[in-house]
Amino acid sequence: MKADAKSRIELRKKAEKQLKESAPGKAIRRSNILELNHELQVNQVELELQNDELRRSRLELENSYTKYFDLYDLAPIGYVTLDRHGLIREINLAGAELLGGSGRRLDGVVFTRFVAQSSRDEFHRFFRRLFGSKQLQECQVRLTTKKQSRLDVLLSGIAIRDDGGKLSLAQIAITDITLSKRAEERERLAAVGETAAVLAHEISNPLTAMLLNLRLLERGLIESRKKKFASMVKSISAEVLHLSNLLQDFSRLSRRETYDLQPSSLAVLAQEILAMEAPKYPSKRIRVEL
Numbered sequence: 010m011k012a013d014a015k016s017r018i019e020l021r022k023k024a025e026k027q028l029k030e031s032a033p034g035k036a037i038r039r040s041n042i043l044e045l046n047h048e049l050q051v052n053q054v055e056l057e058l059q060n061d062e063l064r065r066s067r068l069e070l071e072n073s074y075t076k077y078f079d080l081y082d083l084a085p086i087g088y089v090t091l092d093r094h095g096l097i098r099e100i101n102l103a104g105a106e107l108l109g110g111s112g113r114r115l116d117g118v119v120f121t122r123f124v125a126q127s128s129r130d131e132f133h134r135f136f137r138r139l140f141g142s143k144q145l146q147e148c149q150v151r152l153t154t155k156k157q158s159r160l161d162v163l164l165s166g167i168a169i170r171d172d173g174g175k176l177s178l179a180q181i182a183i184t185d186i187t188l189s190k191r192a193e194e195r196e197r198l199a200a201v202g203e204t205a206a207v208l209a210h211e212i213s214n215p216l217t218a219m220l221l222n223l224r225l226l227e228r229g230l231i232e233s234r235k236k237k238f239a240s241m242v243k244s245i246s247a248e249v250l251h252l253s254n255l256l257q258d259f260s261r262l263s264r265r266e267t268y269d270l271q272p273s274s275l276a277v278l279a280q281e282i283l284a285m286e287a288p289k290y291p292s293k294r295i296r297v298e299l
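Below, the structure written as structure tokens:
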């Protein structure tokens, strides 16, 4: 404390000495003092205004960051930024969740690591289109992650320019379409099943007529003692019958299965099963207690 006070006193003496040497014999007028005081006050107000402006700018930046966080990181769909080499440079929470990791761990990872082998050619074509066009590009690919063995997604992306004006980054939205793809597949299979059922029915009718006529022809040939031709007709009838059976099996497989689901008691079912198997227990030395 004493050393600081002594230092301030010495600094003041040094300043007074320098002031006298810089303007020897000149007295500072009162008007000059008032002018200097005014200038100091103006400068103080300017500094305060600048400080307020800086404080407002800081608040605006914080608000912008909060909005960016809400719009980007908390978005319901995934967002990822890739460089020209396909490396992840930024990814939001939803995107990281889809890929089965966290944002920091995924930084610098090659995105194709998560693209299924069957979809990589499609992704590479999409990625080339991104940097070859200024328009929005889309493609559907399948991803493979640790959490899900199958994940169908829609990629919607566009290339953006850096400060030098070059297209160096690509911003891509990742939308999970697994459920809709499965629904499409179910609808497609149902349509195929209905078409197959109609086709089987249309083919089965003439086959049935052919089989009946062949059997009548076989009977007529046997009665007329033309056993050789009757044997040939019998062989043809067997093949037609085989085709008819195959069509019936195919028709059954193509039908939509319906289930009559009703609430049941597991305890009652267990008792019924145990009652059915009870006669076997003594010979196998099994004892069951409920």
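Numbering-wise (my numbering), the sequence shown opens with residue 10 and increments by one.
From the three backbone atoms N, C-alpha and C, an ideal C-beta is built for every residue, glycine too.
query	result
Given 8 Å, three or more beta-carbon pairs between the segment 57-71 and the segment 159-171	no
Length of the line joining the Cα atoms of residue 241 and residue 195	45 Å
Straight-line gap, residue 110 to residue 58 (C-alpha atoms, nearest Å)	47 Å
Rounded C-alpha distance that separates residue 96 from residue 134	16 Å
Cβ-based burial, residue 280 [other Cβ within 10 Å; buried from 16]	exposed
Residue range of the unbroken alpha helix (DSSP H) whose run includes residue 104	102-108
Strand pairing of residue 122, partner residues [DSSP]	Its beta-bridge partners do not exist; DSSP assigns none.
For residue 84, the three-state DSSP class (helix, strand or coil)	coil
Member of 185, 174, 119 whose CA lies at the smallest distance from the CA of residue 164	185
Beta-carbon gap between residue 91 and residue 181 smaller than 9 Å	yes
Burial state of residue 221 (16 or more Cβ within 10 Å)	exposed
Residues bridged to residue 165 (per DSSP)	147, 182
Candidates 171, 129, 122, of which the one nearest residue 140 by Cα	171
Spatial distance of residue 288 from residue 219 (CA atoms)	52 Å
DSSP three-state assignment for residue 172, whether helix, strand or coil	coil
Residue 141, enclosing alpha helix (DSSP H) - first and last residue	129-141
Where residue 108 falls, given that 16 or more other Cβ within 10 Å makes a residue buried	buried
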